[in-house]
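Here's the structure we're looking at; comments come further down.
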Amino acid sequence: MKRRKFLKNASLTGVGLAVGTAVTSCNEQVEDKSIASKENPESKAVLPVVVATWHVIDATAKAMEVIESGGSALDAVELGCKIEEANEKGQSVGKGGLPDREGNVTLDACIMDKNGNCGAVLYLKDIKHAVSVARKVMEDTPHVMLAGEGAKQFALESGFEAEDLLTEASKKAWEKWKVESKYKPIINIENHDTIGMLAVDKNGDVSGACTTSGLAYKMNGRVGDSPIIGSGLFVDNEVGGAVATGLGEEVVKTVGSFLIVELMRQGKSPQEACEEAIGRIVNKPGKDYKDFQVGYIAVNKKGETGCYSIHQWFSMTKFQDGVNEQIQSHFFNKS
Ligand code: SD4
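According to the numbering used here, the sequence shown is numbered sequentially starting from 2.
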């Protein structure tokens, strides 16, 4: 089922949360500040594997097709993400992404390979395949990040075509938003469809990518977690990788994806590591997370996977062992 359909049936209204409640299993809560862990029952150690945030069956299918035909995990995550960037119906990635409050569609993306190389673009306008520009930054420049006008100039010089990324549908949504035009972006799960993708190929090499138009109706100039290596994405070929979606500010503050990879390095499963990273956010003193969502997915070098979020309705798409499926994430807030 498409994520937006789930959302129709889901409401965050009345979603309260006892701070200090920890999840020990899918349905159980105990009074404890720590987030106890469990194995993800869906997880198995089979390679190759592709995982992505949200419901993006076509994107994971493309990535697996690349791997099955002998391509690398790096090619797989780039080409997989491009499927969603080109999908105009997806209102938070590439073409069709929702704009900032002034009507600019600005894209953030990054990519990371098995050697720890990485590239990123921030506040990129008019070029829909931000993930490919990020790869070019990684491969063709001495830098890791390019932003704004410079990123666009580099993309054009590299042969990318400029086009208007604001579709009629997204323009209409923005015009509707402008009627109330709340200064602070309304942070709710419907804004979050960033595509983060991780792949482990037949050689056991890990790569990842992340691409987004960011928070809908953000302030002009705002950049989230998605192009920030260590926050929106981190890969270490000795260990595995992780990617984030949701309210980027909270991910940046806890350097979430790096944290997950380091926890896996210390022996945690991908599921345990994702849960602990969500715990770092929800256990912050004075933090009211009722109104925002963060979701993580992770994979280790063996092909085991994990996903976890603050609220319900986050999901991961996984292609492994011949099955390409959407998996509902376990989540913290059961109230
Ligand atoms: C951001 N993490 O810019 C992104 C938002 C997101 O789908 O996940 N959007 O903060």
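Virtual Cβ for every residue (Gly too), placed ideally from N, Cα, C. From a predicted model like this one, the values you see are computed outputs, not experimental measurements.
Residue i classed as buried or exposed, judged by whether at least 16 other C-beta atoms fall within 10 angstroms
{"i": "Q267", "result": "exposed"}
{"i": "G222", "result": "exposed"}
{"i": "N116", "result": "exposed"}
{"i": "K288", "result": "exposed"}
{"i": "A170", "result": "exposed"}
{"i": "Q294", "result": "buried"}
{"i": "H144", "result": "exposed"}
{"i": "P49", "result": "buried"}
{"i": "V31", "result": "At V31 the pLDDT is 28, less than 50, meaning the model places this residue with poor confidence and gives no usable figure here."}
{"i": "N334", "result": "buried"}
Proximity test, residue i beta-carbon vs the ligand SD4 heavy atom, cut-off 8 angstroms
{"i": "T246", "result": "yes"}
{"i": "T338", "result": "For residue 338 there is no data in the structure shown, the boundaries of the chain being 2 and 336."}
{"i": "T213", "result": "yes"}
{"i": "D109", "result": "yes"}
{"i": "K233", "result": "Per the sequence presented here, residue 233 reads as Gly, with Lys not at that position. Yes."}
{"i": "G249", "result": "yes"}
{"i": "V300", "result": "no"}
{"i": "V252", "result": "yes"}
{"i": "L216", "result": "yes"}
{"i": "K183", "result": "no"}
{"i": "G257", "result": "no"}
{"i": "S227", "result": "yes"}
{"i": "K219", "result": "yes"}
{"i": "S171", "result": "no"}
{"i": "S270", "result": "no"}
{"i": "S93", "result": "yes"}
Beta-carbon spacing of residue i, residue j below 9 angstroms
{"i": "G205", "j": "S232", "result": "no"}
{"i": "T306", "j": "S44", "result": "yes"}
{"i": "F235", "j": "I196", "result": "no"}
{"i": "A278", "j": "L264", "result": "yes"}
{"i": "K96", "j": "N105", "result": "no"}
{"i": "R102", "j": "W178", "result": "yes"}
{"i": "A210", "j": "I112", "result": "yes"}
{"i": "V338", "j": "T318", "result": "The requested residue 338 does not occur in the structure, where the chain is confined to residues 2 to 336."}
{"i": "F320", "j": "M146", "result": "no"}
{"i": "M198", "j": "V57", "result": "yes"}
{"i": "L68", "j": "A74", "result": "Sequence check: residue 68 is Ile here, not Leu. Their beta carbons are under 9 angstroms apart, which means I68 touches A74 by this criterion."}
Beta-carbon separation (whole angstroms), residue i vs residue j, contact threshold 8 angstroms
{"i": "V201", "j": "G304", "result": "6 angstroms"}
{"i": "G241", "j": "N301", "result": "4 angstroms"}
CB contact below 9 angstroms: residue i versus chain D
{"i": "A110", "result": "The question asks about chain D, but that chain is absent: this structure has only one protein chain."}
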